[in-house]
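One structure is given below, encoded as structure tokens.
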Amino acid sequence: MVVKKFFLSFANEKIWLEKMNAEGYELMRVLPFRYDFEKTDREVAYAYAPLRRGRRTLFELKGRDAGASLVYANGEMSLFKKPALAGAPRLFNTVSEKKLAFYKYKSSLTTNSLVMLAGAAIFTLLGIRLALFPLFILTALFAAAFAFFSFQARGVEKYLKNDK
């Protein structure tokens with residue numbers, strides 16, 4: 027079964043994937059805006075791991091848990107799955123290592139959002155000072171980027187709070 031869906035937060039994506047698995051569908055492949063499922067009787071546990079700026083390589087994560095299989099990896103996040111009977115994919119040695127990896131990821135998102143906010147402020151001031159309307163378009167773009175990164179950072183908090 028193919029489902030076309032878009033998520034801004036991987037925390038919301040995980041909740042939806044668990045719901046789909048409870049309905050008897052296992053995620054097999056992910057393409058942009060497309061999720062491929064197969065009907066199955068086995069329960070699957072999903073786990074995410076940040077891949078931000080080479081702090082953790084995909085090769086290293088694959089070696090942590092031999093029973094876990096990679097579903098997808100993009101520039102920032104990877105998703106692994108494993109049969110639920112064998113437990114959740116163990117991608118981190120300790121809970122504190124997992125929290126540290128996710129908080130580093132959140133920190134980079136927060137830094138990006140603050141840079142975008144500063145850019146919006148600069149273009150606003152330049153637009154007012156020089157009375158150039160096109161600079162306000164850049165202000166709007168930087169403000170939208172600020173909102174996006176802030177939303178992503180809140181998603182990390184939501185994921186850590188809801189993760190079992």
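In this text, residue positions in the sequence shown follow this note's numbering: the first is 27, and each later residue adds one.
From the three backbone atoms N, C-alpha and C, an ideal C-beta is built for every residue, glycine too.
Just so you know, these numbers come straight off a predicted model, no measurement behind them.
- For E69 against A110, the beta-carbon gap comes to about 4 Å, under 8 Å, which counts as contact.
- The beta-carbon separation of G50 and D67, rounded to 7 Å, stays under the 8 Å limit for a contact.
- A distance below 7 Å separates the beta carbons of A73 and L117.
- Comparing alpha-carbon positions, the option among F175, F174, K132 and A147 lying closest to I163 turns out to be A147.
- The Cβ atoms of G145 and F168 lie closer than 7 Å to each other.
- Taking C-alpha positions only, I41 is separated from E123 by approximately 23 Å.
- Residue range F36 to A48 is occupied by the alpha helix (DSSP H) that includes E39.
- Listed in chain order, the non-local C-beta contacts of F172 below 7 Å within the same chain comprise S139, M142, L143 and A146, local neighbours out to five positions each way being set aside.
- Within the model, the alpha-carbon separation for S95 versus D189 is close to 19 Å.
- Separation of the CB atoms of P58 and F128 is rounded to 24 Å, and the pair is thereby denied contact status at 8 Å.
- Straight across, the Cα-Cα distance linking N38 with T137 is about 22 Å.
- Listed as beta-bridge partners of L77 by DSSP are no residues whatsoever.
- Contact between K125 and L186 holds, with the beta-carbon distance rounding to 7 Å and staying under 8 Å.
- When rounded, the separation of the alpha-carbon atoms in P115 and Y131 is 19 Å.
- If the five residues before and after L43 are omitted, its C-beta is found closer than 7 Å to the C-beta atoms of L53 and Y72, all from its own chain and listed in chain order.
- Sequence-distant Cβ neighbours of A179 in its own chain, meaning closer than 8 Å and more than five residues away, are K132, L135, T136 and S139.
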